[in-house]
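Colleague: Pasting in a structure now, in structure tokens, and then I'll have a few things to ask.
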Amino acid sequence: MLHTYVESHLQRALASINAPSDTNVVFEIPRQQGQGHLSTTVAMALAKSMRGNPRAIAQSIVDALGNDVPFVQSIEIAGPGFINITFDAAAFHDMLRTMIEQGADVGRSDIGGGRTVNVEYVSANPTGPLHAGHGRNCAVGDTIANLLAWCGFAVTREYYFNNAGNQMNKLGESIDARVRHRLGDPEFPFPEDGYHGEYIHAIADDIVATRQDAYEACSDDERRAFCRRAGEQWCFDLIKKTLDSLNIHHDVFFNEDSLYTEGKITATIEALRQRGLVYEKDGATWLALTELGQQQDKVIVKSSGEPTYRLPDIAYHAGKLAQGYDMLVDIFGADHIATIPDVLAGVTALGQDASKVRVVIHQMVTFVENGEVVKFSKRSGKSFTLDELIDEVGADVVRFFFVMRAAGTHLEFDLGLAKEEGDKNPVFYLQYAHARIASILRKAAEQGIAVDESADLHVLAHERELELITLLSRFRQVVERAADQLEPHTVAEYLRDLAAAYHNFYHDCRILGSEPAVQGARLLLAEVTRRAMRNGLAVLGVGAPEVM
RNA sequence: GCGUCCAUAGCUCAGCUGGAUAGAGCAGCAGCCUUCUAAGCUGCGGGUCGCAGGUUCGAAUCCUGCUGGGCGCGCCA
Numbered sequence: 001m002l003h004t005y006v007e008s009h010l011q012r013a014l015a016s017i018n019a020p021s022d023t024n025v026v027f028e029i030p031r032q033q034g035q036g037h038l039s040t041t042v043a044m045a046l047a048k049s050m051r052g053n054p055r056a057i058a059q060s061i062v063d064a065l066g067n068d069v070p071f072v073q074s075i076e077i078a079g080p081g082f083i084n085i086t087f088d089a090a091a092f093h094d095m096l097r098t099m100i101e102q103g104a105d106v107g108r109s110d111i112g113g114g115r116t117v118n119v120e121y122v123s124a125n126p127t128g129p130l131h132a133g134h135g136r137n138c139a140v141g142d143t144i145a146n147l148l149a150w151c152g153f154a155v156t157r158e159y160y161f162n163n164a165g166n167q168m169n170k171l172g173e174s175i176d177a178r179v180r181h182r183l184g185d186p187e188f189p190f191p192e193d194g195y196h197g198e199y200i201h202a203i204a205d206d207i208v209a210t211r212q213d214a215y216e217a218c219s220d221d222e223r224r225a226f227c228r229r230a231g232e233q234w235c236f237d238l239i240k241k242t243l244d245s246l247n248i249h250h251d252v253f254f255n256e257d258s259l260y261t262e263g264k265i266t267a268t269i270e271a272l273r274q275r276g277l278v279y280e281k282d283g284a285t286w287l288a289l290t291e292l293g294q295q296q297d298k299v300i301v302k303s304s305g306e307p308t309y310r311l312p313d314i315a316y317h318a319g320k321l322a323q324g325y326d327m328l329v330d331i332f333g334a335d336h337i338a339t340i341p342d343v344l345a346g347v348t349a350l351g352q353d354a355s356k357v358r359v360v361i362h363q364m365v366t367f368v369e370n371g372e373v374v375k376f377s378k379r380s381g382k383s384f385t386l387d388e389l390i391d392e393v394g395a396d397v398v399r400f401f402f403v404m405r406a407a408g409t410h411l412e413f414d415l416g417l418a419k420e421e422g423d424k425n426p427v428f429y430l431q432y433a434h435a436r437i438a439s440i441l442r443k444a445a446e447q448g449i450a451v452d453e454s455a456d457l458h459v460l461a462h463e464r465e466l467e468l469i470t471l472l473s474r475f476r477q478v479v480e481r482a483a484d485q486l487e488p489h490t491v492a493e494y495l496r497d498l499a500a501a502y503h504n505f506y507h508d509c510r511i512l513g514s515e516p517a518v519q520g521a522r523l524l525l526a527e528v529t530r531r532a533m534r535n536g537l538a539v540l541g542v543g544a545p546e547v548m
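This is the structure in structure tokens:
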């Protein structure tokens, strides 16, 4: 990054004009031409505390800097007090050299320092296939996990599920009914609010075909449980297969039921009770959330004796913190937003540090094709599954489209655009840049020209070359920021800019057939770009094709 | 009604934790291939940053209110 060349000099200059020692120097890359390569607003920020004219402060900073700062060509004061710095080409060559030395790992960071992070995402219960809308949680969660891993965190990818609830019973009853229909009892009643999806028939067919004897040996109650287990198995197999096709693999599948069998639920209630936060009312057990700053108290154990989801959620999060994770990341859809404060309050009440929990809320997805909203509904059984979406547009497009917008905004997924295998599709724009580089490297190899990492970079002076180097130099910072802020879409934005910078360079700067020194330096620049693009796409979980 | 997220070009969206003349893609119009992939590049048009106040040298960005929309507000998860 350019700012590293001037940061220490600037700090010294600030000290010499008696600026406060905690002054935060903010650097920006100016948008407009003629404003240098790098800009800082520090003089304007200091105007208040130092009670001075910002331009005058800027002038004294520039005077204190002197004109012998290495790599700096010129410094100008502009507008209300911007300090604009123009670097000489050697700064760009130096940055590129640093990136060359990072080899295939260009852009990798160690800001995580080995700290442990648990990222929990997908977490759909095994009551059916993942539907298309689940794709956003999958892609956002896995990309965040990738980002953190890329930045030196020790990441655990976790999937939390519940195979004991009401919905699972409904699943078992639904399958049971379909099996009985097949075994000569067509009048057997289908449960109210049962699952109507096609997959229920598929599961029933499977049971009849492979386990009919075992099924018929069961009592009525056992049959429902049998079907529930068969359904869970079938659904999980399918979910894992779907995730696998998106290259998503969890390290831990955490069964909510283990919280019961291991006594964590009762232990949690007792711990909360000891703190005076639990009371009985109307036959139920309540958590005094108002004591913890929340709006209202909530039931944690129903009068039926069953806990509500809130209790295991608290026990689950407290348990993960107790395992010693430095950070927990939850990926939730907007429909779960209200549960978060309760869980965090409960976790805090149990003596854990809730500030270690970071929750990424993503808004809902609308699928659009030809300007019309495409409906999907699990309830009606007319489900639009994630598998179908992947079949339609491909795994790369699915992953990219779900992370290319900020998680907090409503996402419009344009199926028409996604299906387009051409220039309109933003994924191909990135992949094409990579394939173009791969192609040129192949062509060079055919001509007996290898990438020479020790090539002299001084011949790189074209505006397009310097722009490309500047963009490349930002790669690591972009990834670090995306990891820190848990904002994967900024990587997608960056890669678009990087691809554009490469296409510009490619268009204006002939590589093969140039004079040997220029050819060598440009080939090396192309190779570094390829590495950065491949790494960036890998973080997004998108492939980097050699040929398109 | 309460909570929460959102509102930026015709459409979909960025906007780097307050900075300079608010950007990109798509759509529209006009150009560029006998040479490394035209899935590319170049140019043009297009804006009351939802509205109204406030803080500040300076606001799309921070605060308040309002309007419009998404999602929640259960002894469902």
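Mapped onto the numbering used here, the consecutive letters of the first sequence carry residue numbers 1 to 548. Quick reminder that beta carbons are idealized off the backbone N, C-alpha and C, glycines included.
Thinking just about the alpha-carbon of each residue, which of Ser245, Gln212, Ala154 is nearest to the one in leucine 389?
Modeller: When only C-alpha atoms are compared, the closest one is Ser245.
Colleague: Opposite alanine 78 in the DSSP bridges: which residues?
Modeller: Phe82
Colleague: Leaving out the 5 sequence neighbours to the left and right, which residues in its chain are closer than 7 Å to proline 553 when beta-carbon positions are compared?
Modeller: For the chain, the structure presents residues 1 to 548; residue 553 sits outside this window and is missing.
Colleague: Would you kindly report the start and end of the unbroken beta strand (DSSP E) that includes valine 373?
Modeller: 372 to 374
Colleague: Nearest to aspartate 193 by CA position, among Met50, Ala209, Asn169, Ser439, is which residue?
Modeller: Of Met50, Ala209, Asn169, Ser439, the residue nearest in Cα terms is Asn169.
Colleague: Would valine 6 and valine 69 qualify as a contact pair, given that the criterion is a beta-carbon distance under 8 Å?
Modeller: yes
Colleague: Quick one: what's got a C-beta closer than 7 Å to proline 191's C-beta in the same chain, skipping five residues either side?
Modeller: Lys170, Glu173, Ser174, Ala177
Colleague: Using three-state DSSP, classify aspartate 452 as helix, strand or coil.
Modeller: Of the three classes helix, strand and coil, the one that applies to aspartate 452 here is coil, per DSSP.
Colleague: Flag this pair as touching only if the segment 143 to 159 and the segment 178 to 190 have three or more C-beta atom pairs under 8 Å; answer yes or no.
Modeller: These segments do not touch.
Colleague: Kindly indicate which residue of Glu256, His93, Ala19 has the alpha-carbon position closest to the one of alanine 461.
Modeller: Looking only at Glu256, His93, Ala19, the smallest Cα-Cα distance to alanine 461 is reached by His93.
Colleague: Under a three-way DSSP split, which group does phenylalanine 428 fall into?
Modeller: helix
Colleague: Hey, isoleucine 77 and glutamine 59 are a contact pair by Cβ (cut 8 Å); roughly how many whole angstroms apart?
Modeller: 6 Å
Colleague: Nearest CA to the CA of alanine 64: which residue from Ile300, Leu14, Tyr309, Val25?
Modeller: Leu14
Colleague: Please look up how many angstroms separate the CB atoms of leucine 344 and valine 357, rounded, as I've assumed it's under 8 Å.
Modeller: About 6 Å separates the two Cβ atoms, so the contact holds.
Colleague: Is the segment 211 to 230 in contact with the segment 127 to 135, if contact means three or more CB pairs nearer than 8 Å?
Modeller: With contact defined as three or more Cβ pairs closer than 8 Å, the segment 211 to 230 and the segment 127 to 135 are not in contact.
Colleague: Residue range of the alpha helix (DSSP H) that asparagine 146 falls in?
Modeller: 134 to 150
Colleague: Checking the sheet assignment: what are the DSSP bridge partners for proline 604?
Modeller: Here the chain comprises residues numbered 1 to 548, so residue 604 is not present and cannot be evaluated.
Colleague: Would you identify the three-state DSSP class for glutamate 369, choosing helix, strand or coil?
Modeller: strand
Colleague: Would you call the segment 417 to 424 and the segment 487 to 507 touching, i.e. three or more CB-CB distances under 8 Å?
Modeller: No: fewer than three Cβ pairs fall under 8 Å.
Colleague: Under a Cβ-count criterion, where at least 16 other Cβ atoms within 10 Å of its own Cβ denotes burial, should isoleucine 337 be classed as buried or exposed?
Modeller: exposed
Colleague: When you compare each of Leu524, Asp452, Glu262, Gly293 to isoleucine 469 by their alpha carbons, which one comes out closest?
Modeller: Leu524
Colleague: Along the alpha helix (DSSP H) that carries threonine 532, what are the first and last residues, could you check?
Modeller: The displayed chain sequence assigns alanine, not threonine, to residue 532. 516 to 540 is the extent of the alpha helix (DSSP H) around alanine 532.
Colleague: DSSP has arginine 358 in a bridge; who is on the other side?
Modeller: Val329
Colleague: If you scan the segment 148 to 219 from start to end, which runs of the beta strand (DSSP E) of 3 or more residues do you find wholly inside it?
Modeller: 154 to 161
Colleague: With a 10 Å radius around its C-beta and 16 neighbouring C-beta atoms as the bar for buried, classify isoleucine 57 as buried or exposed.
Modeller: buried
Colleague: Just confirm the distance between the C-beta atoms of glutamine 81 and alanine 43, as a whole number of angstroms; I'd bet it's less than 8 Å.
Modeller: In the sequence under discussion, the amino acid at residue 81 is glycine, which differs from the glutamine named in the question. That pair is a contact at about 4 Å.
Colleague: Assign arginine 157 to one of two classes, buried (16 or more other C-beta atoms within 10 Å of its C-beta) or exposed (fewer than that).
Modeller: The residue in question, arginine 157, is buried, as its Cβ has 16 or more Cβ neighbours within 10 Å.
Colleague: In or out: methionine 404 buried (at least 16 other Cβ within 10 Å) or exposed?
Modeller: buried
Colleague: With a threshold of 6 Å on Cβ separation, who are the neighbours of serine 21 within its own chain once the five nearest residues in sequence on each side are excluded?
Modeller: none
Colleague: Between the segment 391 to 408 and the segment 480 to 497, can you find at least three pairs of beta-carbon atoms closer than 8 Å?
Modeller: yes
Colleague: Between the Cα of aspartate 497 and the Cα atoms of Cys509, Pro516, Glu467, which residue gives the shortest distance?
Modeller: Glu467
Colleague: Apart from the five residues just before and just after methionine 95, which ones in its own chain have a Cβ nearer than 7 Å to its Cβ?
Modeller: The answer, listed in chain order, is Ile469, Ser473.
Colleague: When we look at the beta-carbon of threonine 242 and count the other beta-carbons within 10 Å, is it buried (16 or more) or exposed?
Modeller: buried
Colleague: Beta-carbon within less than 8 Å of leucine 537's beta-carbon, same chain only, minus the 5 sequence neighbours each way: which residues are those?
Modeller: Leu430, Gln431, His434, Leu495, Gly543, Ala544
Colleague: Taking all protein chains shown into account, do 16 or more other C-beta atoms lie within 10 angstroms of the C-beta of glutamine 519, making it buried, or fewer, making it exposed?
Modeller: A residue is called buried when at least 16 other Cβ atoms come within 10 angstroms of its Cβ; glutamine 519 meets this threshold and is buried.
Colleague: Thinking just about the alpha-carbon of each residue, which of Asn24, Gln296, Arg481, Cys138 is nearest to the one in aspartate 396?
Modeller: Nearest C-alpha to aspartate 396: Cys138.
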